[in-house]
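These notes are about the structure you will find just below.
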Amino acid sequence: TQTVSQSDAHVTVFEGDSVELRCNYSYGGSIYLSWYIQHHGHGLQFLLKYYSGNPVVQGVNGFEAEFSKSDSSFHLRKASVHWSDSAVYFCAVRGTGGYKVVFGSGTRLLVSP
Amino acid sequence: GALVYQYPRRTICKSGTSMRMECQAVGFQATSVAWYRQSPQKTFELIALSTVNSAIKYEQNFTQEKFPISHPNLSFSSMTVLNAYLEDRGLYLCGARRDWGNQDTQYFGPGTRLLVL
Numbered sequence: 009t010q011t012v013s014q015s016d017a018h019v020t021v022f023e024g025d026s027v028e029l030r031c032n033y034s035y036g037g038s039i040y041l042s043w044y045i046q047h048h049g050h051g052l053q054f055l056l057k058y059y060s061g062n063p064v065v066q067g068v069n070g071f072e073a074e075f076s077k078s079d080s081s082f083h084l085r086k087a088s089v090h091w092s093d094s095a096v097y098f099c100a101v102r103g104t105g106g107y108k109v110v111f112g113s114g115t116r117l118l119v120s121p
Numbered sequence: 016g017a018l019v020y021q022y023p024r025r026t027i028c029k030s031g032t033s034m035r036m037e038c039q040a041v042g043f044q045a046t047s048v049a050w051y052r053q054s055p056q057k058t059f060e061l062i063a064l065s066t067v068n069s070a071i072k073y074e075q076n077f078t079q080e081k082f083p084i085s086h087p088n089l090s091f092s093s094m095t096v097l098n099a100y101l102e103d104r105g106l107y108l109c110g111a112r113r114d115w116g117n118q119d120t121q122y123f124g125p126g127t128r129l130l131v132l
């Protein structure tokens, strides 16, 4: 069974701060790990994906995520956030060759000016 | 580039009526289409997975009788919410899978937001 856990429901930081949004997963096999962003009232926007190779993947708007097999984690980071980064962030996992994407519960990021 | 369109973006229907939503993959052939629902303040749940020329597979708590899906070709899928009630409100997301090389990517549409009165 695939599970995705995002331990922080809410994260609040100031503009210019760095931020890390946590994601842990459980899956017995080869997987794709992704992060998506959902601005208020909108659909999902793709940020980045990991499949293999370099465990640190770069995404759009300065986001990056690091895969750790030993920790079963795929945390999302940004060195300096902007107020427009305020949104809900979803971590997702899908087995390679599979079709079902399992989403975490989401982390609401609030960036204060 | 690969894009997924959904129509309508927002819709309102009266309780007990039905509402059809569409999903169009542009720029690629989708080997499968998955429909998800995000209820208010919740995450995304898979409703069903549709692969062309295969039976549509519904997740637990979702049925064909309630959410019939049509997937006639590799670029288009539609889903109807029959007899909609308050608990059916939310954002319905379509995800279309594109296979390329030894990898595949799932692209999501912007969603259809359903409000039930």
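Chains as they are written, first to last, in this note's numbering: chain A, 9 to 121; chain B, 16 to 132.
Ideal Cβ placement from N, Cα and C applies to all residues, glycine included.
Remember, it's a predicted structure, so these values are computed and weren't measured experimentally.
| query | result |
| --- | --- |
| Contact between the region 76-84 of chain A and the region 29-49 of chain B is defined here as three or more beta-carbon pairs at a separation below 8 Å; is this criterion met? | no |
| Check distances from the C-beta atoms of the region 25-53 of chain B to those of chain A and list, in chain order, the residues that come in under 9 Å. | 46, 47, 49, 51 and 53 |
| Does the beta carbon of residue 105 of chain B sit closer than 9 Å to a beta carbon anywhere in chain A? | no |
| Leaving out five residues before and five after residue 52 of chain A in sequence, what residues of the same chain have Cβ atoms less than 8 Å from its Cβ? | 44, 45, 46 and 98 |
| What does residue 98 of chain A touch in chain B if you count any residue whose Cβ is under 9 Å from its own? | 58 and 59 |
| Closer than 8 Å by C-beta to residue 113 of chain B: which residues in its own chain qualify, once you throw out the five before and the five after it? Chain order, please. | 17, 40, 43, 44, 45, 46, 119, 120, 121 and 122 |
| Would you identify the three-state DSSP class for residue 28 of chain A, choosing helix, strand or coil? | strand |
| Ordered along the chain, which non-local residues of its own chain (more than five positions away) have a Cβ less than 6 Å from that of residue 110 of chain A? | 10, 12 and 101 |
| Below 7 Å between beta carbons is the criterion; list the residues of the region 61-91 of chain B that meet it against any residue of chain A, in chain order. | 61 and 64 |
| What's the gap between the Cα of residue 66 of chain A and the Cα of residue 130 of chain B? | 36 Å |
| Just grab the DSSP bridge partners of residue 27 of chain B for me. | B:130 |
| Buried or exposed for residue 53 of chain B, please, with buried defined as at least 16 other CB atoms from any protein chain shown within 10 angstroms of its CB. | buried |
| Helix, strand or coil for residue 72 of chain A? Go by DSSP, reduced to three states. | strand |
| Would you call the CB atoms of residue 58 of chain B and residue 94 of chain A closer than 9 Å? | no |
| Which chain B residues sit within Cβ distance under 8 Å of residue 102 of chain A? | 121 |
| Are residue 125 of chain B and residue 24 of chain B touching if we call contact CB-CB under 9 Å? | yes |
| Do you know how far the Cα of residue 21 of chain A is from the Cα of residue 85 of chain B? | 44 Å |
| Under 8 Å Cβ to Cβ from residue 55 of chain B, same chain only, skipping five residues before and after it: list those, please. | 104 and 105 |
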